[in-house]
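J.: Got a structure for you, questions after.
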Amino acid sequence: MASVAAATTTASAVKKEKKKVNERVAFKTESEVEVLDDGFKWRKYGKKMVKNSPNPRNYYKCSADGCPVKKRVERDRVDPSFVITTYEGSHNHASRN
Ligand SMILES: [Zn+2]
């Protein structure tokens, strides 16, 4: 008879999470356009030149009322055929219809 070793999880080992910081998710996409259609509407609110990169970084904010989500978009400086999109936060609404 095989005996199964029971894995015990110690609850005390679980770190207490502090107040949630905005999660960031980054995507690298091969694309000619910089603003990918991700189902949401975005409003550009800033632009910044990036050190050691010929490409500026663009900042967008979700255009939905009261939605805290932001994203920033920049071209990969190593391979400019790729766009890096970083999302911050989560939408408080469904995608646009
Ligand atoms: Zn939103």
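Residue numbers (the numbering used here): 46 to 142. Glycine is no exception: its CB is placed at the ideal position from the N, C-alpha and C atoms.
Spell out the partners DSSP gives residue 90 in its beta bridges.
T.: To locate residue 90, count along the sequence shown from 1; it is residue 45. Residue 90 pairs with nothing; no bridge assigned.
J.: Closer than 6 Å by C-beta to residue 113: which residues in its own chain qualify, once you throw out the five before and the five after it? Chain order, please.
T.: Within the sequence shown, residue 113 is the residue found at index 68, counting from 1. The answer, listed in chain order, is 134.
J.: Put residue 7 into one of helix, strand or coil per three-state DSSP.
T.: This structure gives no information on residue 7, because the portion of the chain shown stretches from 46 to 142.
J.: Between which residues of its own chain and residue 67 is the CB-CB distance below 7 Å, once the five residues before and five after are set aside?
T.: Residue numbering aside, residue 67 sits at position 22 when the sequence shown is read from its first letter. Same-chain partners within the cutoff: 133, 134.
J.: Report the option in 108, 75, 111 whose CA atom is closest to the CA atom of residue 123.
T.: As a first step, residue 123 is located in the sequence shown; it is residue number 78 there, counting from the start. Of the candidates 108, 75, 111, the one whose C-alpha sits nearest the C-alpha of residue 123 is 75.
J.: Going by C-alpha distance, which of 84, 85, 103 is nearest residue 129?
T.: Here residue 129 refers to the residue found at position 84 when the sequence shown is read from its first residue. Each of 84, 85, 103 was checked against the Cα of residue 129, and the nearest Cα belongs to 103.
J.: Check this for me: beta carbons of residue 79 and residue 118, under 8 Å apart or not?
T.: Looking up residue 79 in the sequence shown gives position 34. Looking up residue 118 in the sequence shown gives position 73. At a Cβ-Cβ threshold of 8 Å, residue 79 and residue 118 count as neighbours.
J.: Taking 7 Å as the cut-off, does the CB of residue 80 come closer than this to any heavy atom belonging to ligand 1?
T.: Translated into positions along the sequence shown, residue 80 becomes position 35. Relative to ligand 1, even the nearest heavy atom lies 7 Å or more away from the CB of residue 80.
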